[in-house]
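Participant: Pasting in a structure now, in structure tokens, and then I'll have a few things to ask.
There are 2 protein chains.
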Amino acid sequence: MPQKVTPDASRRSETARRAILAAALDLVGEVGYAKLTIEGIAAAAGVGKQTIYRWWPSKGSLLFDAFLTLATDGQEDQAAALPDTGDVMADLKMVLRATVAELNEPRYDQPMRALHTEIVHDPALAADYAKRLDEPMRELKKDRLRAAQRAGQVAEDVDLDVAVDMLFGPILNRWLQRTGPLTPEYADRVVETALRGLQPRKAEQF
Amino acid sequence: MPQKVTPDASRRSETARRAILAAALDLVGEVGYAKLTIEGIAAAAGVGKQTIYRWWPSKGSLLFDAFLTLATDGQEDQAAALPDTGDVMADLKMVLRATVAELNEPRYDQPMRALHTEIVHDPALAADYAKRLDEPMRELKKDRLRAAQRAGQVAEDVDLDVAVDMLFGPILNRWLQRTGPLTPEYADRVVETALRGLQPRKAEQF
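Protein chains in written order, with this note's numbering: chain A, 1 to 206; chain B, 1001 to 1206.
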């Protein structure tokens, strides 16, 4: 970002930045990641290539920022926490159903697939993703599970990182690897199975 | 495959086929999937491009066959079933630890990453993968869980597809998305957490 800018210049910068991020998301949806170019994004956003290179070192980092904007847009005034109605099963079903709905949205599909496959091949981008997106989201999920532990709904000795992986991993995988239909019912089954476990338990216990 | 071949021609074909598959795996490890070409594979295998195009329509399908060969090589004489010692927790830990060891092997890393990212962007390859690799493997896993149900170690009403996703999904994800270290201990935690579930249970029950 340029230093010591006037309010007007700052506003113009922000407008250009938003145009670039929007163009990147639109274009990756149209042409796919492999054919996405900085030139193409610059043309679509109505800016020069150098404007883009001043702010982002690569198309991967630009797409990551674009995706981060998409993921947080309009949510600035929402509390950054998972719902807590006191019923961890109902709350997790709501969150996993929302994740399913988001992954099934066409405007998310291409950019998120592009981002996830870049992560697979690019350890630096993976580290950036982990630090800026996965870890903050993971903390929110673990906070909700910690509240459930305090309420006696999740066992004290559960490894919360494994719990998060078991709840959200199957959803992400089924979407990425296309191993089956990604439905709200599937989200419910994952939550029920994760909470109850595979082993039999006495019917009267819950 | 050519029809009505003599035994010698058939042996030569098989030799060429194996050389091509080996070259594809070596090359994708060296240059990555994006820079992998049929020309490059043909040169490395010492065959003509047309020989490759006669057997495979695309580099994706060739790499898939190469990976299938890698995954099943030397296992023809092993029983196509998961271990069953009568202790489902111990058996699943053994299988998940073996999966972790395989994913951490350098010769698997690049070709498997290439295959998995192609699947994300190519629904036809995803369908082929599901039919020829995921579904047969999934049936073996479900067979083991069905045996555990008969032995009273897994609840009757568990959705076995969800159970398989919850056991193997976190391993695949952690490897693909690089969200944390992929260790034997992590494999153990996943099996324990999946079997016991997140909810507390009476200490005397198990």
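Don't be surprised by glycine CBs; every beta carbon is placed ideally from N, CA and C.
For Gln-1050/B, which residues in chain A fall below 9 Å Cβ to Cβ?
Facilitator: What Gln-1050/B touches in chain A: nothing, since even the nearest Cβ is about 26 Å away.
Participant: Taking the alpha carbon of Leu-1021/B as the reference point, which residue from Ala-1009/B, Gly-1046/B, Asp-1008/B has its own alpha carbon closest?
Facilitator: That would be Gly-1046/B, whose Cα lies nearest to the Cα of Leu-1021/B.
Participant: Would you list, in chain order, the members of the segment 118 to 148 of chain A that have their beta-carbon closer than 7 Å to a beta-carbon of chain B?
Facilitator: Residues Ile-119, Val-120, His-121, Pro-123, Ala-126, Ala-130, Asp-134.
Participant: Answer yes if the segment 1057 to 1068 of chain B comes into contact with the segment 1110 to 1126 of chain B, meaning at least three C-beta pairs across the two stretches below 8 Å, and no otherwise.
Facilitator: Yes, they touch.
Participant: Provide the residue span of the alpha helix (DSSP H) that contains Tyr-33/A, from first to last.
Facilitator: Neither: Tyr-33/A is in no alpha helix (DSSP H) and is coded neither H nor E.
Participant: If you count every other CB in all the chains shown that lies within 10 Å of the CB of Ala-9/A, and 16 or more means buried, which is it?
Facilitator: Classification of Ala-9/A: exposed, given that the 10 Å Cβ count is below 16.
Participant: Here's the rule: buried if 16 or more other CB atoms are within 10 angstroms of the residue's CB, otherwise exposed. What is Thr-1085/B?
Facilitator: It counts as exposed.
Participant: Should Asn-173/A be flagged as near chain B, meaning a C-beta pair shorter than 8 Å?
Facilitator: Yes, because at least one Cβ of chain B sits closer than 8 Å to the Cβ of Asn-173/A.
Participant: Helix, strand or coil, according to DSSP, for Gly-60/A in the structure here?
Facilitator: Three-state DSSP puts Gly-60/A in a helix.
Participant: First and last residue of the alpha helix (DSSP H) that includes Arg-146/A?
Facilitator: Segment 135 to 150, the alpha helix (DSSP H) holding Arg-146/A.
Participant: With a 10 Å radius around its C-beta and 16 neighbouring C-beta atoms as the bar for buried, classify Asp-1157/B as buried or exposed.
Facilitator: Looking at its Cβ environment, which holds fewer than 16 other Cβ atoms inside 10 Å, Asp-1157/B is exposed.
Participant: What does the Cβ neighbour count give for Val-1028/B, buried or exposed, with the cut at 16 atoms within 10 Å?
Facilitator: Under this definition Val-1028/B is a buried residue.
Participant: Please state whether DSSP places Asn-1104/B in a helix, a strand or coil.
Facilitator: Of the three classes helix, strand and coil, the one that applies to Asn-1104/B here is coil, per DSSP.
Participant: How many angstroms separate the CA atom of Glu-1192/B from the CA atom of Asp-87/A?
Facilitator: Cα to Cα, Glu-1192/B sits roughly 24 Å from Asp-87/A.
Participant: Three or more C-beta pairs closer than 8 Å, one from the segment 93 to 110 of chain A and one from the segment 47 to 58 of chain A: is that the case here?
Facilitator: No, they do not touch.
Participant: Tell me which residue opens and which closes the alpha helix (DSSP H) that Gly-1169/B is part of.
Facilitator: That run of the alpha helix (DSSP H) goes 1160 to 1177.
Participant: Exposed or buried, which one is Lys-1093/B when buried takes at least 16 other CB atoms within 10 Å?
Facilitator: By the 10 Å Cβ count, Lys-1093/B comes out buried.
Participant: Could you round the C-beta distance between Met-1166/B and Ala-1147/B to whole angstroms and report it? I think they count as a contact, below 8 Å.
Facilitator: That belief does not hold up - the Cβ atoms of Met-1166/B and Ala-1147/B are roughly 18 Å apart, past 8 Å.
Participant: What does Arg-97/A reach in chain B if we use C-beta pairs closer than 8 Å?
Facilitator: Residues of chain B passing the Cβ test: none, with the nearest at roughly 15 Å.
Participant: Establish whether the CB of Val-162/A and some CB of chain B are separated by less than 8 Å.
Facilitator: True, the Cβ-Cβ gap to chain B drops below 8 Å.
Participant: Tell me which residues of the segment 28 to 39 of chain A have at least one Cβ-Cβ distance to chain B shorter than 9 Å, keeping chain order.
Facilitator: Taking 9 Å as the Cβ-Cβ cut-off against chain B, the residues of the segment 28 to 39 of chain A that qualify are Gly-32, Tyr-33, Ala-34.
Participant: I'd like to check one pair, Leu-160/A with Ile-171/A: are the Cβ atoms closer than 8 Å?
Facilitator: No, they are not a contact pair.
Participant: Does the beta-carbon distance from Arg-1138/B to Val-1120/B come in below 8 Å?
Facilitator: Not a contact, by the Cβ cut-off of 8 Å.
Participant: Is any beta-carbon of chain A found at less than 8 Å from that of Thr-1179/B?
Facilitator: Chain A, which has a Cβ nearer than 8 Å to the Cβ of Thr-1179/B, makes this yes.
Participant: By the DSSP assignment, the alpha helix (DSSP H) with Lys-49/A in it spans what residues?
Facilitator: Residues 49 to 55.
Participant: Is any beta-carbon of chain B found at less than 8 Å from that of Thr-85/A?
Facilitator: By this cut-off, Thr-85/A is not an interface position.
Participant: Pick helix, strand or coil for Ala-81/A, following the three-state DSSP scheme.
Facilitator: Correct three-state label for Ala-81/A: coil.
Participant: CA-CA distance, Arg-201/A and Ala-1090/B?
Facilitator: Arg-201/A and Ala-1090/B: Cα-Cα distance of roughly 19 Å.
Participant: Are Thr-117/A and Thr-1117/B close, meaning C-beta to C-beta below 8 Å?
Facilitator: Result yes, Cβ atoms of Thr-117/A and Thr-1117/B sit closer than 8 Å.
Participant: Counting C-beta neighbours from all protein chains within 10 Å, is the total for Gly-197/A 16 or more, i.e. buried, or is it exposed?
Facilitator: The residue is buried, with at least 16 neighbouring Cβ atoms inside 10 Å.
Participant: If you count every other CB in all the chains shown that lies within 10 Å of the CB of Lys-1131/B, and 16 or more means buried, which is it?
Facilitator: Exposed, since its Cβ has fewer than 16 Cβ neighbours within 10 Å.
Participant: Indicate whether at least one CB of chain A lies closer than 8 Å to the CB of Pro-1057/B.
Facilitator: It does not; no Cβ of chain A falls within 8 Å.
Participant: Would DSSP call Asp-1091/B helix, strand or coil?
Facilitator: Of the three classes helix, strand and coil, the one that applies to Asp-1091/B here is helix, per DSSP.
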